[in-house]
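In terms of numbering that gives the first Met the number 0, the sequence shown has 92 at position 93, counting the first letter as 1, and numbering is strictly consecutive. Just so it is clear, CB atoms sit at the ideal spot from N, CA and C, and this is done for glycine as well. Nothing here was measured: the structure is a model prediction, and the numbers come from that model.
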Amino acid sequence: MKPFGFILFNSRKPSAVEALGLILFALAVLETLYLIGAIRFAGLLSVVGADFRALYAAARILREDGFAAIYDLDRHIPAQEALCQIAGPEAPCALIPMVFLPIFLLPILPLTLLEPAPAYVVWLALNLFGPLLILRPWVRALAPSDRRRSLAMALLSFPVFANLLWGQSNLWLMLCVSLFLREWEQARPFRAGLWASGLLLKPQTMILLLPALALARQWSLLAGTTVGVIGLLGTSFLLTGPSGMAAWMAILSGFAQPTPYLTPQVVGAETMMNWRSVGLLVSRMLPAWLAWGIAGGGILLTSGTALMAAGGANLQDAKGREMFVLRTLAATLAATWHAHGHTAMVLLPPLLALEARRALPRPILPLWALLPAWAPFVNIALTAFRLLPPIGGFDALVTGKILFGFNLYFTLWTLRSRGNL
0 MKPFGFILFN
10 SRKPSAVEAL
20 GLILFALAVL
30 ETLYLIGAIR
40 FAGLLSVVGA
50 DFRALYAAAR
60 ILREDGFAAI
70 YDLDRHIPAQ
80 EALCQIAGPE
90 APCALIPMVF
100 LPIFLLPILP
110 LTLLEPAPAY
120 VVWLALNLFG
130 PLLILRPWVR
140 ALAPSDRRRS
150 LAMALLSFPV
160 FANLLWGQSN
170 LWLMLCVSLF
180 LREWEQARPF
190 RAGLWASGLL
200 LKPQTMILLL
210 PALALARQWS
220 LLAGTTVGVI
230 GLLGTSFLLT
240 GPSGMAAWMA
250 ILSGFAQPTP
260 YLTPQVVGAE
270 TMMNWRSVGL
280 LVSRMLPAWL
290 AWGIAGGGIL
300 LTSGTALMAA
310 GGANLQDAKG
320 REMFVLRTLA
330 ATLAATWHAH
340 GHTAMVLLPP
350 LLALEARRAL
360 PRPILPLWAL
370 LPAWAPFVNI
380 ALTAFRLLPP
390 IGGFDALVTG
400 KILFGFNLYF
410 TLWTLRSRGN
420 L
């Protein structure tokens, strides 16, 4: 890749590769400025890192009051309001509940030895450099000329940036998918299943994986996943007891039905990358029964397509397994009830693996990485030039629908490329 100065000041027309390099460089600059500006003007832990705020508050509550209190919303309100004050006395502070199993809170405990701002910096660094390590094996499989460019696309993609911005926990999910796929390709299915069970951090990411593995008759893999899930649930039960697990289920259900203190803006269902968001948006134009009929039909069709394909999937080679994982996870993100754009980080390991085999259609990885990532900045430009009225959350709405379209595309493309359609 040539230096950017050479590209900028050379009179000849840049090649497609050089143009992509310029686009990635510009995106890196804009995302950096966006993050700095968001911390300065929106507020640290009030808006930026808000999801980390919930984790940090829960870990502090755990240290002070034990596991029994980590799901107590009345305990979370003052704890999170105190953290929001870092951004200023007038900073907004929408409550974000603790929605993870207690066992997943244990790695956060050491961060409570630090003050909130330094703890967030550590979390930010982990989410910034963690993807480099997790994706390294898949990037190394790429042609040398493609490695830096593909890695840059992955790191600057909207899911990774949104995960960084909100202080989300999808790095763990991406690690689990990466090692699940790596162990499976190395003929260690039980260990692969153990890693797959780590997706229980966000149970909605597993709704199609377990039945798909059963339909594909991957019994060793399914056994490993089952053992891992039982271990995580059992350990969490021992930590919190039946009342704690009941509270976890009640909080988790709050993302599907109304819950005290939980504002619609926190859930942000309209901006998701799934059929639920389609139902909500269409219900503003059509009768509710018709809108939800469309959404429900889409959920059934997407899920059914992925599961039927699992029954006849060719999993004898690594490419077939990578397509199985991509199809199952993409269909899950489209069909599940709660799926924000940052969760699409789980698609990066199979996408890079297939890119290394040159199995993906050539423009797909750049399009998936760049189209949603540029949407917020295009929205800012259009608003600044008064070509678009200021609409709160419009950029998130657009990125969610772009990623939703890609989820459907990957579900269908993996079928066609393996001869299932």
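Quick check on residue i: buried or exposed, where buried means 16 or more other Cβ atoms within 10 Å of its Cβ?
i, result
"Ala153", "buried"
"Pro257", "Any reading at Pro257 needs caution, since the residue's pLDDT is 48, under 50, leaving its predicted position unreliable; the model's value is listed next. Exposed is the call here."
"Arg415", "exposed"
"Met344", "buried"
"Arg216", "exposed"
"Val176", "buried"
"Pro130", "buried"
"Phe160", "buried"
"Thr31", "exposed"
"Phe409", "buried"
"Trp122", "buried"
"Phe40", "exposed"
"Trp218", "exposed"
"Ala375", "The sequence as given places Pro at residue 375; Ala does not occur at that position. With 16 or more Cβ atoms within 10 Å of its Cβ, Pro375 is classed as buried."
"Leu208", "buried"
"Leu299", "exposed"
Taking residue i and residue j to be in contact with their CB atoms under 8 Å, please state how far apart those CB atoms are, rounded to whole angstroms.
i, j, result
"Leu174", "Ile133", "5 Å"
"Leu426", "Ala352", "The chain is shown from 0 up to 420; residue 426 falls before or after that span and cannot be answered."
"Trp165", "Gly42", "Not quite, the Cβ-Cβ distance comes to about 13 Å (not below 8 Å), so this is no contact."
"Phe103", "Leu200", "5 Å"
"Pro349", "Leu325", "4 Å"
"Gly399", "Thr239", "Wrong, their Cβ atoms sit about 33 Å apart, outside the cutoff."
"Leu44", "Ile85", "5 Å"
"Gly340", "Leu402", "5 Å"
"Asn162", "Leu155", "About 12 Å separates the two Cβ atoms, so there is no contact after all."
"Ala358", "Lys318", "6 Å"
"Leu314", "Arg320", "5 Å"
"Met322", "Thr413", "4 Å"
"Ala81", "Arg74", "The pair is not a contact, with the Cβ atoms about 12 Å apart (cut-off 8 Å)."
Starting from residue i, follow its DSSP beta bridges and name the residues at the other end.
i, result
"Leu396", "None; Leu396 has no bridge partner."
"Val47", "Leu43"
Less than 7 Å between C-beta atoms, sequence neighbours within five positions excluded: which residues of the same chain meet that for residue i?
i, result
"Met248", "none"
"Leu347", "Leu134, Ala153 and Met173"
"Phe393", "Asn378"
Starting from the C-beta of residue i, find all residues in its chain whose C-beta is less than 8 Å away, skip the five residues before and the five after it, and write them out in chain order.
i, result
"Gln203", "Thr331, Thr335, Trp336, His337 and Ala338"
"Gly267", "His339, Gly392 and Ala395"
Enumerate in chain order the residues of its own chain whose CB-to-CB distance from residue i is below 6 Å, with the five nearest sequence positions on each side excluded.
i, result
"Leu381", "Leu387"
"Ala151", "Leu23"
"Ile250", "Tyr70, Pro96 and Val98"
Do the segment 44-64 and the segment 106-121 touch if we need at least three Cβ pairs shorter than 8 Å?
-> Taking one beta carbon from each stretch, the segment 44-64 and the segment 106-121 have 3 or more pairs nearer than 8 Å; the two touch.
Looking at C-beta atoms only, is the number of pairs between the segment 298-306 and the segment 354-366 that lie closer than 8 Å three or more?
-> Touching, no, given that fewer than three Cβ pairs across the two stretches are closer than 8 Å.
Count the CB pairs spanning the segment 188-199 and the segment 210-224 that are closer than 8 Å, and state whether there are at least three.
-> These segments touch.
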